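Trainee: Take a look at this one; I'll ask things after.
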Amino acid sequence: MYLLVVIAVLAAGVGNASADDGITINRTSDAVEVTVQQSAAGGNGTQSVTVSAGNQNITNYTINFTNRSENITHIQIREFRSVSGDLADKNITVRVTGIMNTTDRQRVDLRYVEKSGDATVIARNVTLPVNSSSVIGIPEGGSVPVAVSAGSEAVTVDARYRDGSLRIPMLTLRESVSLFESLKLRVLPSITVAEYSVNPSQEATAYLTPTADGAKVSHPLVFAGQEYIVVATTAGPPGNFSRTMTANGPMTSGATDYGGRFALPEQLLYADHLTLRISEVDGREVYNRSRAPSEMLQATDGSQTAEWNQSAKTVSFGSAVPEDLAAIWIQTSEGLLRYDDSVIANGKLDATETKLSVGERFTAVLVGQQDYWAVTVEAVGGESSQQKSNGGSDKGGSGFINDVGSFIQENTLLLLSGLLGVIVFGASVAMEQQLANDHQMKIGLVIGALVFGAGLGWSVTDGMTEFAIFLLAAFSAIALVILVWIVCASILDMDGAKAVLVSVVGPAIGFLLAAGLYILTDIDILQNRVNLLAFGSSYGHITISVLLGLILYQSSTSESTASGPTTYQTTVRVNDADGAPVSGTVQVQLQPGMDVNIRDTVQRTIDISDGVETIPLEEGTWTARAVQAGQEVKKERKVTRAQTELPLTFEGHQVAIEALDRDSGEPVDDADIIMTVDGDRRKGKTNQNGRWATTLPLSASSIEVEVDHNLYKAATWSASSVKGTTAETIELRPLVGSIKTAVTIDGEGVPGVPLTVTRQRDGQQFTDTTDNDGSVTLSNVGIGEYTIKPDLNSRPSQFSAGRTTVRVCDGETSRKQVAVQFDYDLSSTARERIRSLRGRADDIGTASRRDGAIQAYYASVLEASLDTVERIPESGYTLLTADIDPDEVVSALLDATEAATETVDDVMTSKRNVDLFSACSDLPSVTVSWRGQIDVDRVAALSEQDIGQQRGEVLDSLEAVDERISAAVSDVAEVSPAREMWEAVRTMVRDNTGATQVESAALITVAEALLDAIDGLFDDDRLRARMERTVY
């Protein structure tokens, strides 16, 4: 969905004018708001309203002021789409017709666009895409203000609307904002909040342009007159260009500005890959990308077209050729070709080097001194004279067929003479085979060469004169070669082969020297007939060279046949796989090749004893074959000299061993292999796939294999015979034992602790969790050293455990304990609270002018709670198994003790109890302490329950103590020390809201201690005697 961009009023107050006649016209986000007051209509009733823009009616509607004093109507901005021209400040007319006619005109900004994509950089413009079909009031080429900000920098610039986008030249932004960071852009910022964002340095690309003598690279962020560091690296072929350069002004193509430019070497255009880096001298990078040069070329948008005629190999550019043409570049799928201005004449380019198929296109860039023109050229098929006269042309794939047809039609004589020459030579070869006459082939070669030479000469010449020159050159070359051959063979007495070599090579060198002299001196003494002379002499030289070679070959063959075959002593060896001779007798078959000059071509069979035999063999190629122990081996060797060896080597028997883990089936690498073959020991090691292979001689019979590994029990395998390829899998039993470890603290096992056991040799890990007694047993683990590490990461940080090592032996159980350390001490704050609460407990137990036995008794409960707090550094096992932070328990118990202290103090100083204690002042002073104990284990156990369950347990104690107090009412005179304390404890528990489970558990534990103390009042006679006193 397009993002709506509302073009708003530019000047302050425009579109919000208020008229004295009761009509107001406002521009909102996507509408024009028309407000008509009752005063403009002249009274109640229905009124007609007409809204127009300039001279064009927009809409009509009616309003009724019977029950209201104003009417507000919104006219959608799209209703103004039919209004042409620039609508930045358009005159809107509102006419009210009714009781009285009222007309008002106000100027409103009606411009409107919709965003259609993200901002980007094209050439040297920041481009903001808009939906062209939604544009209202902005003509092509019109300007629109845009607010641009980058960090703390901001500026408002004009953007031009062209071809569906708003374009902002970078030159207008350069002095106000940084082009190397993200820019925020808002179209007409007075109302709209829709934004574009773009980083010009990331979006801008470099443009490569061919020039008359090289290439130019342009970039939108390169500015003329500034220095830059330009580094270009190519691949295919590799190269490097690095230089500090001053940028020139932009080279333009039409109206497009691609930025400042640098001159680069022409070689960059031919590379398969180009990495280009441009940076300012202060190090700031402008551009750094790797691309193919063809992707950067600005020659791909040819604005003109031309056709390339395949037959004529020319391109007609016509008026596209500039007067100051300096070079032409052609870009095809195969790369770039460059032509200088000399290859074009009368608007036509000779493009014979360009290879295209019909329908393909390429781009030709005509480069002038100041600018260039890109022309798209399409390849079309050539036309014959007949097709031209009929107005026909070649289309599509018929071009190739027509070209072949034209070639056959134009060269019929050449093809017929060549075909006839081949037939004559073939017939002569057949006759020679039938008649056993060595001269038939030579005669056929001469006649065939003459026939084809006549056809060739007539095809490449024009008229009898040129044909005569061709024949003269050919026969002259033949005569020269024959003359040199006669001199070498008869006068110089050279052998046949050397005479032919000199007669062929000597004239050829002479021809080459003459051609070189002609090229260097540029002398044309034969009226431009040099090509015909060269053509004719070359054909004559080739013909006589082939004929002499044939004569030499036939004569040497005849001589060889007449004198009989040449034989050489040849040693045939039969070796085993280890290179030793095969023992016993081996039958070897010898098959002669086609080049062996003997009448009897059947194979020979020899018996070789102890692996070696020397026999005479005729010169030529022989193939030896032997079979032994089910294996066949062949060898081909050419016998050309004495002492030729023909070796046959058997592959032997292949034995492959694979070692696998018996339990997992995984391969066992690096296992030691000891193989005993007929008493001979061989050693090896398995590879990473658990395999080892070796080759045994053919004589091998029984074998024994032992596979050993330090982590496995050794295994053996044996075979009484081997043949061909033998593969055996040997399973090894792992050497395993057991590990039993325990995690302890203060000598007691800790349940629920995760353990990681790591094998040191390969890092393999085993994990488990301690059971109820704190131990873990790992069975069937491989032998070796292991590291045991408890995982206490989820436990309070005061608990820590090191790691320990254990060695596992085969069939044994290794035991090891890991001790957990509890590194904890009470903080100074906790100790200060303990001292303070002990002081308050002492104050409660000390009564002046009153009996203090019961007060001291209750104070001893508080002392017991504080003693428990001081024992927490010794309670590591309880806290670790309950997974409770010791600081949390200390804080909770101190809070509970403090609440109990308040409770005891309040109860012991009530009026009824004070009167009772005063009445007992004459009793002997006694000291009675509570005999119970507050245990951290109880706090830990309760903390595992939710608060509701905790309160359920203390309610049971409250009911039991309440019954005891009620039962004692008839036995003692005063139960207030018990009853009031019971009620206070119940209130203390009830009011403990918002506590954590640990805090609640601590309070319940102290409350249970106080309830136990209340029950103990009635069990001690000394305290009971106090409650038997009567208070008046």
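The numbering of the sequence shown is the working numbering, which starts it at 559 and goes up by one. Positions of the beta carbon are idealized from the N, C-alpha and C atoms, including for glycine. The structure presented is a predicted model; accordingly, all values stated were derived computationally and were not measured.
To the nearest angstrom, report how far apart residue 1197 and residue 1050 are at their CA atoms.
Mentor: 34 Å
Trainee: Could you give the first and the last residue of the continuous alpha helix (DSSP H) run that contains residue 1506?
Mentor: Residue range 1505 to 1526 is occupied by the alpha helix (DSSP H) that includes residue 1506.
Trainee: Do the segment 705 to 717 and the segment 647 to 655 meet, that is, are 3 or more Cβ pairs less than 8 Å apart?
Mentor: no
Trainee: By alpha-carbon positions, which one of 588, 638, 595 and 767 ends up nearest to residue 609?
Mentor: 638
Trainee: Just checking, does the segment 1295 to 1302 make contact with the segment 1323 to 1337 on the three C-beta pairs under 8 Å criterion?
Mentor: yes
Trainee: Provide the residue(s) that pair with residue 774 in DSSP beta bridges, ordered along the chain.
Mentor: Residue 774 pairs with 767 and 821.
Trainee: Does the beta-carbon distance from residue 654 to residue 611 come in below 8 Å?
Mentor: no
Trainee: For residue 1579 and residue 1499, I'd like the C-alpha separation in whole angstroms.
Mentor: 34 Å
Trainee: Residue 846 by DSSP, collapsed to three states: which one?
Mentor: strand
Trainee: With H, G and I counted as helix, E and B as strand and the rest as coil, what does DSSP make of residue 1555?
Mentor: helix
Trainee: Shortest alpha-carbon distance to residue 1010 belongs to which of 1032, 662, 1190 and 842?
Mentor: Considering only 1032, 662, 1190 and 842, the residue with the shortest C-alpha distance to residue 1010 is 1032.
Trainee: What does the alpha-carbon distance come out to for the pair residue 1360 and residue 1368?
Mentor: Cα to Cα, the separation comes out at about 26 Å.
Trainee: Note down, one range per segment and in chain order, each beta strand (DSSP E) of at least 3 residues found wholly within the segment 1310 to 1373.
Mentor: Fully contained in the segment 1310 to 1373 are the following beta strand (DSSP E) runs of length 3 or more, in chain order: 1312 to 1317, 1323 to 1327, 1333 to 1340, 1342 to 1348, 1357 to 1359 and 1362 to 1366.
Trainee: Can you give me the C-alpha to C-alpha distance between residue 1407 and residue 1475, rounded to a whole angstrom?
Mentor: Answer to the nearest angstrom: the Cα atoms are 9 Å apart.
Trainee: Select from 763, 1274 and 643 the residue whose C-alpha is nearest the C-alpha of residue 818.
Mentor: 763
Trainee: Counting pairs of Cβ atoms below 8 Å between the segment 1313 to 1324 and the segment 1341 to 1355, do you hit three or more?
Mentor: yes
Trainee: So, is residue 1513 buried or exposed, given that buried needs 16 or more other C-beta atoms within 10 angstroms?
Mentor: With fewer than 16 other Cβ atoms within 10 Å, it is exposed.
Trainee: Please classify residue 1267 as buried or exposed, where buried requires at least 16 other C-beta atoms within 10 Å of its C-beta.
Mentor: buried
Trainee: Give me the residue from 1070, 1045 and 774 with the minimum Cα distance to residue 1061.
Mentor: 1045
Trainee: Output the boundary residues of the alpha helix (DSSP H) element that contains residue 1469.
Mentor: Residues 1469 to 1477.
Trainee: Under 8 Å between the Cβ atoms of residue 1170 and residue 1146?
Mentor: no
Trainee: Could you name each continuous beta strand (DSSP E) segment of 3 residues or more that falls completely within the segment 1253 to 1318, going from the start of the chain to the end?
Mentor: 1261 to 1267, 1270 to 1277, 1283 to 1290, 1294 to 1303 and 1312 to 1317
Trainee: So, is the C-beta of residue 1427 closer than 8 Å to a C-beta in chain D?
Mentor: Absent from the structure is chain D; it holds one protein chain and no more.
Trainee: By alpha-carbon positions, which one of 616, 1403, 1451 and 1107 ends up nearest to residue 1483?
Mentor: It is 1403.
Trainee: Check the C-beta distance from residue 1523 over to residue 1536 and give it rounded, since I have them as a contact under 8 Å.
Mentor: Right, their Cβ atoms sit about 5 Å apart.
Trainee: Distance check for residue 767 and residue 941, CA to CA, integer angstroms please.
Mentor: Because residue 941 carries a pLDDT of 36, less than 50, the predicted location of this residue cannot be relied on, and the following value inherits that uncertainty. So the two alpha carbons sit approximately 35 Å from each other.
Trainee: I'd like the span of the alpha helix (DSSP H) that includes residue 1456, first residue to last.
Mentor: Looking at the DSSP string, the run of the alpha helix (DSSP H) that includes residue 1456 is 1444 to 1466.
Trainee: Taking 8 Å as the cut-off, decide whether the C-beta atoms of residue 773 and residue 832 are in contact.
Mentor: no
Trainee: Please classify residue 660: is it buried, with 16 or more other beta-carbons within 10 angstroms of its beta-carbon, or exposed?
Mentor: Around the beta-carbon of residue 660, 16 or more other beta-carbon atoms lie within 10 Å, marking it buried.
Trainee: On the DSSP bridge assignment, give the partners of residue 797 in chain order.
Mentor: 792
Trainee: DSSP three-state label for residue 1180, please.
Mentor: strand
Trainee: Residue 1401 lies in the alpha helix (DSSP H); which residues open and close that run?
Mentor: 1386 to 1403
Trainee: Is it true that the CB of residue 699 sits closer than 8 Å to the CB of residue 719?
Mentor: yes
Trainee: By DSSP, does residue 1571 sit in helix, in strand, or in coil?
Mentor: helix
Trainee: What's the C-alpha gap between residue 667 and residue 634?
Mentor: 13 Å
Trainee: With a cut-off of 8 Å, do at least 3 Cβ pairs link the segment 1544 to 1555 to the segment 1378 to 1395?
Mentor: no
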